[in-house]
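Going down the list, the protein sequences come from chains A, B and C. Per numbering that gives the first Met the number 0, the first sequence starts with residue 0, numbered consecutively. Per numbering that gives the first Met the number 0, the second sequence starts with residue 0, numbered consecutively. Per numbering that gives the first Met the number 0, the third sequence starts with residue 0, numbered consecutively. Positions of the beta carbon are idealized from the N, C-alpha and C atoms, including for glycine. The structure under discussion appears below in the form of structure tokens.
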Amino acid sequence: MDYFIQCAVLAAIYGILAISMDLVAGQAGLLSIAHAGFFGIGAYASAFLTLHTGCDFAVGVIAGACIAVAVSFILSLPTLRLNDDYFVIGTFAFQMILFSVLNNWTSVTRGSLGIRGIPSPTIFGCKIDTSTEFLILACCCLLFVLFVVYRITSSPFGRVLHAIREDEVFAKAHGKNTLYFKVAIFAVSAAFAALAGSLFAHDITYIDPTSFTVMDSILILSMVIIGGAGSLWGPLVGAVVLITLPEALRFIGLSSAEAANVRQIIYGSLLIIMMMFRPRGLVGKYGFNK
Amino acid sequence: MDTQWIINAIADASIYLLVAVGFGLVYRTVHFFDFSFAALLCVAPYAALGFQSIAGVKVVPAIICGTLATAITAVLLEICFFSRLRFRNASKSTSLLVSLGLFLVIRNLIASIWGDQALLLQQTDAKIGYAVLGGRMTALQMWTVFSAITIAAGVGMLLARSRLGRCIKAVGDDCGLAKVFGISEPWVIGSAYAISAISVSVAGLSLALDVGTTPNLGFRPFLFAVVAVILAGSFSVWRIVIASVLVATVQNFLLWRLGAQWQEGGIFGIFLIILVARSFNKKQLSNLKNS
Amino acid sequence: MNLRCEHLSKSFDGTRALADLSLTFPASGIVAIIGPNGAGKTTLINVLTGFLKPDAGRYFLDERELSCLPAHRIAQLGITRTFQDLRLISQVSVVENVLLARPNQKGERLLSALLRNGVAAEENQNHDEALRWLKFVGLDGVTNQLAGELSYGQQKLLTLACCLAAEAKILLLDEPVAGVHPNMVERILGLLRQLRETGKLVVFIEHDIASVRQVADLVIVMDEGKIIAQGKPSEVLERPEIIEAYVG
């Protein structure tokens with residue numbers, strides 16, 4: 000039973016990640032490969048604060064989100080001037096820089112040794128120390144994220160995001176400061192990715208930089224594409240599919256190294272199949288056809 | 000003065016040049032960043048290993064077969080995936096995402112067949128190298144530098160002097176108009192992919208012969224080659240040579256001064272600054288038509 | 000509101016699109032800009048709306064210099080435009096396109112989008128305004144259709160509705176009647192005549208001289224990045240050098 004709960008927790012965490020990625024890639028049409036970096040910032044901030052100060056889970060989340068938002072401004076303000084291809088490469092480069100910092104800033108992150116022994120989260124004095132309680136926490140965070148994303152995307156703000164995705168020149172010609180919208184949604188997306196990172200750190204209780212690489216950014220993007228970009232539920236569906244499907248590999252006798260490779264082959268194949276035959280994914284609205 | 004880092008930079012620059020020439024030629028033709036090249040880099044060494052172990056061929060014929068296998072793989076990827084996307088007028092983002100998927104599949108197929116450990120194409124003694132400019136350079140590194148210069152010059156001449164080169168430029172500038180003038184788009188793009196794959200496979204084989212091959216062999220050289228192509232700005236062989244040398248020089252300087260751990264972060268940090276600084280000087284909104 | 004430009008120049012890879020062009024537009028009325036292909040007409044609109052920065056020269060709205068302002072800021076100041084290649088959001092409905100053009104929407108600020116304080120009321124108001132302008136241009140029967148499903152002529156009307164919904168005082172229209180059926184041309188020209196009565200300034204680029212004669216109060220003739228004539232249609236369009244510039 001614990002195994003299924005753990006799968007559900009991971010699905011919720013990656014669901015939050017995928018929804019946050021969709022804000023940028025699916026709603027605003029900005030293909031970013033820096034998301035694992037924000038995920039890592041949230042994880043490390045939460046882990047560091049909790050271990051060194053024993054603070055509440057909420058404090059760790061807020062600190063991680065604030066750092067992620069600040070870093071997102073550093074990334075987005077200059078790179079959003081770049082056109083589509085170069086923006087992707089710019090985010091790629093940023094992800095490599097973030098990984099380099101996480102891997103080499105040993106005084107804070109302990110480098111490749113990672114941070115272990117991350118304690119269970121405490122919320123207003125209540126310790127969350129069973130898997131069921133953690134699942135409830137993760138689901139509450141997921142519902143919160145879904146609510147905020149729904150508010151944003153169904154508002155005039157969301158309408159302008161969709162216009163920017165389809166034709167930024169049209170949006171500018173009608174008085175929309177498109178840079179403000181893109182920077183703002185990047186910041187929100189980074190904050191949610193950091194929230195997912197905080198949950199991840201407390202769930203796995205050990206983090207190291209290898210969980211926050213370019214490959215992980217590509218995985219998150221795959222979840223958005225397979226589930227369907229530009230919709231509220233698509234990224235969540237994609238996260239559930241890509242987290243639970245490879246779990247089936249455990250039952251066919253593959254070693255963990257083989258399973259890791261097969262998992263990546265499945266991700267890559269699904270990504271290709273979706274983009275070739277169903278660019279809007281399983282339940283999405285946007286097919287990256289700009 | 001320690002000049003070994005300069006020698007290392009020249010050797011690395013030749014690898015990046017080979018990959019940049021290949022990647023850049025395809026980008027010049029089809030205008031999207033094809034990430035499958037990061038996996039194509041290791042197809043040649045693993046194909047060569049396959050020919051050695053299955054057919055029992057020696058190293059040199061295995062290398063030739065590996066190069067051909069890479070060219071065939073690249074052309075097949077173009078026929079099965081990218082040409083179909085172009086036919087459907089798919090966006091560049093779509094092609095980029097498909098190429099990411101192909102990179103994942105190819106890289107992990109290789110890993111599941113051969114494993115993640117480093118494999119050697121041939122057993123050799125430790126290489127001491129020849130004295131050059133106060134440092135040491137191995138025969139393989141010299142051969143790689145020679146190959147890079149030859150292939151880069153060859154591709155430059157191809158684009159400037161041959162009919163295929165003119166067709167590649169025509170398709171790259173305006174594919175629809177090129178077809179109206181009777182240029183066969185599948186043949187031109189397929190040829191560009193084949194030539195690019197040969198260039199990239201030479202890089203992969205050189206790396207594999209030097210340090211052994213792993214499924215992740217191609218990732219870092221590919222990323223640095225992309226940096227070089229973007230820094231070069233346009234597909235001029237001279238610009239790509241200079242950009243590759245710059246990238247390798249900065250990388251090795253950072254390695255010498257700061258250590259291995261900061262070379263990637265340093266390169267990408269400098270790259271990002273240059274990319275953004277250049278955007279302040281860019282031509283305005285090219286999607287507006289002017290009368 | 001007075002729009003004027005002084006000594007504007009713009010070149011593209013050696014080709015001079017605007018050559019030291021100075022021009023003062025009237026405060027209201029209909030102005031037609033005509034000229035052969037490559038005269039610099041669309042470049043002028045692109046510069047005046049901030050989509051291109053001039054190599055030299057400045058332009059003003061009343062006393063306020065616009066030269067350093069980004070395109071969205073110029074639009075917010077009351078200058079709106081259409082494009083030669085019809086820019087619309089084809090995957091959303093007709094009314095959503097017009098709603099996008101509405102200015103100063105509270106709901107477009109992130110915090111207001113989350114808290115929704117007063118956003119619903121403003122949205123209803125904007126919706127009513129959007130429907131009003133769609134009725135004005137004659138698209139009230141297709142408000143919920145996707146913009147991409149409209150005919151070309153209807154899409155032209157939609158771009159005009161978007162400009163009007165933006166509450167702009169100055170409309171710069173790039174070939175508003177090009178490529179449409181003569182009936183639709185009459186309809187669009189009729190709308191422009193109605194706009195004259197509202198005190199707006201409408202500047203439109205056109206190749207069809209008959210349309211220009213019908214509606215324009217002032218004609219500006221451009222060639223090779225310069226103004227070669229300006230005045231009433233009856234004066235300008237009969238000049239031999241103008242006919243020569245067009246016919247060659």
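Could you tell me how far apart the beta carbons of residue i and residue j are, in whole angstroms, since I believe they sit closer than 8 Å?
| i | j | result |
| --- | --- | --- |
| aspartate 173 (chain C) | threonine 79 (chain C) | Contact doesn't hold; Cβ gap of about 12 Å is too wide. |
| arginine 164 (chain A) | alanine 27 (chain A) | 6 Å |
| leucine 220 (chain A) | alanine 24 (chain A) | 7 Å |
| phenylalanine 50 (chain C) | valine 202 (chain C) | The pair is not a contact, with the Cβ atoms about 15 Å apart (cut-off 8 Å). |
| phenylalanine 156 (chain A) | leucine 109 (chain C) | 6 Å |
| serine 8 (chain C) | alanine 18 (chain C) | 6 Å |
| alanine 17 (chain A) | methionine 222 (chain A) | 4 Å |
Any beta-carbon of chain A closer than 8 Å to the one on residue i?
| i | result |
| --- | --- |
| histidine 6 (chain C) | no |
| glycine 268 (chain B) | yes |
| valine 118 (chain C) | yes |
| leucine 98 (chain C) | yes |
| lysine 57 (chain B) | no |
| threonine 93 (chain B) | yes |
| phenylalanine 32 (chain B) | yes |
| leucine 284 (chain B) | Residue placement at leucine 284 (chain B) is flagged as unreliable, the pLDDT there being 39, under the threshold of 50; the coordinate-derived value follows with that caveat. Yes, because at least one Cβ of chain A sits closer than 8 Å to the Cβ of leucine 284 (chain B). |
| glutamate 62 (chain C) | no |
| asparagine 107 (chain B) | yes |
| arginine 83 (chain B) | yes |
| aspartate 172 (chain B) | no |
| alanine 53 (chain C) | Inspection of the sequence shows that residue 53 (chain C) is occupied by proline rather than by alanine. With 8 Å as the cut-off, proline 53 (chain C) does not count as an interface residue toward chain A. |
| glutamine 260 (chain B) | yes |
| alanine 74 (chain C) | yes |
What three-state label does DSSP hand residue i in the structure shown?
| i | result |
| --- | --- |
| lysine 284 (chain A) | coil |
| asparagine 289 (chain B) | Unreliable positioning characterises asparagine 289 (chain B) in this predicted model, as indicated by a pLDDT of 29, which lies under 50. The coordinate reading is nonetheless provided below. In this structure, asparagine 289 (chain B) counts as coil in the three-state DSSP scheme. |
| glutamate 240 (chain C) | helix |
| glutamine 144 (chain C) | coil |
| isoleucine 88 (chain C) | coil |
| aspartate 128 (chain A) | coil |
| aspartate 33 (chain B) | coil |
| arginine 80 (chain A) | coil |
| glutamine 229 (chain C) | strand |
| leucine 20 (chain C) | strand |
| threonine 90 (chain A) | helix |
| glycine 28 (chain C) | strand |
| serine 10 (chain C) | strand |
| arginine 109 (chain A) | coil |
| threonine 41 (chain C) | helix |
| arginine 115 (chain C) | coil |
| isoleucine 5 (chain B) | helix |
| arginine 15 (chain C) | strand |
| aspartate 127 (chain C) | helix |
| phenylalanine 203 (chain C) | strand |
| arginine 108 (chain C) | coil |
Is there a Cβ from chain C that is less than 8 Å from the Cβ of residue i?
| i | result |
| --- | --- |
| glycine 174 (chain A) | yes |
| alanine 162 (chain A) | yes |
| alanine 183 (chain A) | yes |
| isoleucine 151 (chain A) | yes |
| proline 77 (chain A) | no |
| phenylalanine 72 (chain A) | no |
In the DSSP output, what is residue i paired with across the bridge?
| i | result |
| --- | --- |
| valine 131 (chain B) | B:Gly134 |
| phenylalanine 59 (chain C) | C:Arg3 and C:Glu64 |
| leucine 118 (chain B) | B:Thr212 |
| arginine 164 (chain A) | None, per the DSSP bridge assignment. |
| threonine 243 (chain A) | In the DSSP output, where bridge partners are listed per residue, threonine 243 (chain A) has none listed. |
| methionine 221 (chain C) | C:Ile226 |
| valine 228 (chain A) | In the sequence as displayed, the identity of residue 228 (chain A) is alanine instead of valine. Alanine 228 (chain A) pairs with A:Tyr285. |
| isoleucine 206 (chain A) | A:Ile114 |
| threonine 300 (chain B) | What the structure shows of chain B is the stretch from 0 to 290, and residue 300 (chain B) is not part of that stretch, so it cannot be assessed. |
| isoleucine 122 (chain A) | A:Cys125 |
| threonine 79 (chain C) | C:Leu170 |
Taking Cβ positions only, does residue i come closer than 8 Å to chain B?
| i | result |
| --- | --- |
| isoleucine 264 (chain A) | yes |
Please give me, in chain order, every unbroken run of the beta strand (DSSP E) with length at least 3 that falls completely inside the segment 151 to 197 of chain C. As far as the segment 151 to 197 of chain C is concerned, its whole beta strand (DSSP E) runs of at least 3 residues are 169 to 173.
Within the segment 40 to 101 of chain B, note down every full beta strand (DSSP E) run reaching 3 residues or more, in order along the chain. Given a length threshold of 3 residues, the segment 40 to 101 of chain B has no whole run of the beta strand (DSSP E) inside it.
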